[in-house]
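In full-length UniProt numbering, the protein residues as written are 1 to 430.
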Amino acid sequence: MCNSTASAATGKASCFEYRWIDGAENVEKYRPGGYHPVVVGDELTDRYKVVHKLGHGAFSTIWLARDKDRASYVAIKVSTANAPPREAEILHALVNFSDTKGGPGREMVPVVQDRFELQGPNGCHRCYVTSPAQSSVAAAKFCDLFTVETARVLVAQLVSAVAYIHFRGVVHGDIHLGNALLRLPAMFDALSVEQVYERFNGPQTQDIVRVDGKPLLPNAPTHATLAVWLGKTAHDISPSEARLVLSDFGEAFSPATKKRRGDEYHAPLTVVPPEVLFRPETPISFAVDIWALACAIWSIFGTRPIFDGTLATWDDIAAQQVDIFGYSSVPREWWDGWEERHRYFDKAGQPNAGRSVFPSLESSFEEDVQAMRRGDGMADFGSEETIAIFAMLRGMLVFRPEERATAEDVMGCKWMKSWGLPELEKARKT
């Protein structure tokens, strides 16, 4: 709700209750139905002592805590009061099978160690406890490149994770590198809280201040805690350290029991598949994960995503997809139903004169993957492996979802058998 505080400069009422804090969660969500006010030093259920902030999402804050019963560190995800309850339930179901079918990907799914609820001024908040991670893959590769060997290990694990959850009948629904996490080394548990602060810096906080200058209500904490960086940059991560876990199952669903339309798909725009862009009213299924997985694989190999989401609209991304894969790749009924196509293409399906056209997949791979690696003095991908990479990705990046490769197909492709899985096995032995 807007408050009535007027700006001296504009004379207009402010629609914000709190001053914005860069790098923190949206503090406007400290209200009924929103975040639970947690600060470092809090003890949750008398078992977990909060020692640092790991991150936040639209429906949760994530905290590093010390488990006093096990003398170990854990990650506690504290959901907003209005968050749907499905995530912990899906995770519990995924890892609690007595059989071992589905391949090695089960190891890359978080294990929920504990679940509890917190009652607070903003409502009832579901919390669940997992092993902490050092960083996301996205954060590790920011302005940096993984070695070829480490990239293979990460891709093999991510493919294995998706294959496993699909085998169990679950669509993740939000696959991107921000949700692919790197596990902390086992020695982290041996560090005292003071040693964690010495090595990674203590909690950095900023006061939460109301725009109208009035005292804070109990809905918000006195300060916001900024997330700690526990990781390494991509180039410094060895293959044996690249232990991946696929996180954030808040958008996950089982198509066998729940229907979901394309316009209910909430992944980042850069990984949204064509069926969602062109036919948002139709049901989605496992194929949305395959398109997003291909986009994630590309980003692990190189420096930039396939598609540029900077200030982009859905139509902009659709145009990029047509640029890269060609007019002939688009189903005719999709093309005819795309009302905004004239802004990007002429009647023959050729790009309009004067606009920037995205290059082919092959050209982008040479520029954004191979050339960048050589420029940094790193090994690039050999010709035979490059051919296998394209065969894998092109099967995943097909416009019609029913014609797209399945996760099982990707697990069995030449690149996985000849490069991905062998590199993963080698890393596990070192």
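Backbone N, C-alpha and C define an ideal beta-carbon position, used for all residues, glycine too.
Check, Outcome
"Sub-9 Å separation of L191 and A140 beta-carbons", "no"
"Residue range of the unbroken beta strand (DSSP E) whose run includes R66", "S60 to D67"
"DSSP three-state assignment for S364, whether helix, strand or coil", "helix"
"Length of the line joining the Cα atoms of D248 and R341", "34 Å"
"Element boundaries [alpha helix (DSSP H), containing D315]", "W314 to F325"
"Identified DSSP bridge partners for D114", "V129"
"For H92, three-class secondary structure by DSSP", "helix"
"Residue ranges of each alpha helix (DSSP H) within the stretch 324-399, 4 or longer", "332-337, 361-365, 371-375 and 383-396"
"Cross-strand partners of G57 (DSSP beta bridge)", "S60"
"Assumed close pair L44, L118 - CB separation to whole angstroms, cut-off 8 Å", "7 Å"
"Uninterrupted alpha helix (DSSP H) stretches inside the stretch 185-215 (no shorter than 4 residues)", "193-200"
"Length of the line joining the Cα atoms of T150 and I300", "9 Å"
"Spatial neighbours of Y164 in its chain, beta-carbon cut-off 6 Å, leaving aside the 5 residues before and after", "G102, G103, G105 and R106"
"For T406, the three-state DSSP class (helix, strand or coil)", "coil"
"Exposure label - L311; buried when at least 16 CB within 10 Å", "exposed"
"DSSP beta-bridge partners of S135", "L182"
"Rounded separation between P305 and F116 - CA only", "38 Å"
"Per-residue burial, F253 [other beta carbons within 10 Å of its own, 16 or more giving buried]", "buried"
"S60, buried or exposed, once every other Cβ within 10 Å from all chains shown has been counted against 16", "buried"
"Nearest-angstrom Cα separation, counted from F325 out to A65", "47 Å"
"Span of the alpha helix (DSSP H) around T79", "Position check: residue 79 holds Ser in this sequence, whereas Thr was assumed. No alpha helix (DSSP H) contains S79, which is instead part of the beta strand (DSSP E) from S72 to S79."
"Same chain, Cβ closer than 7 Å to residue 437, five either side skipped, listed in chain order", "With the chain covering only 1 through 430, there is no way to say anything about residue 437."
"For T150, the first and last residue of its enclosing alpha helix (DSSP H)", "V148 to F167"
"Own chain partners of T80 with C-beta closer than 6 Å, once the 5 adjacent residues on each side are dropped", "G34, Y35 and F59"
"Between the CA atoms of V51 and E194 - distance to the nearest angstrom", "10 Å"
"Any non-hydrogen atom of the ligand ATP within 8 Å of S79 CB", "Inclusion of the ligand ATP in the displayed structure is not the case, the ligand content being empty and no account of it being possible."
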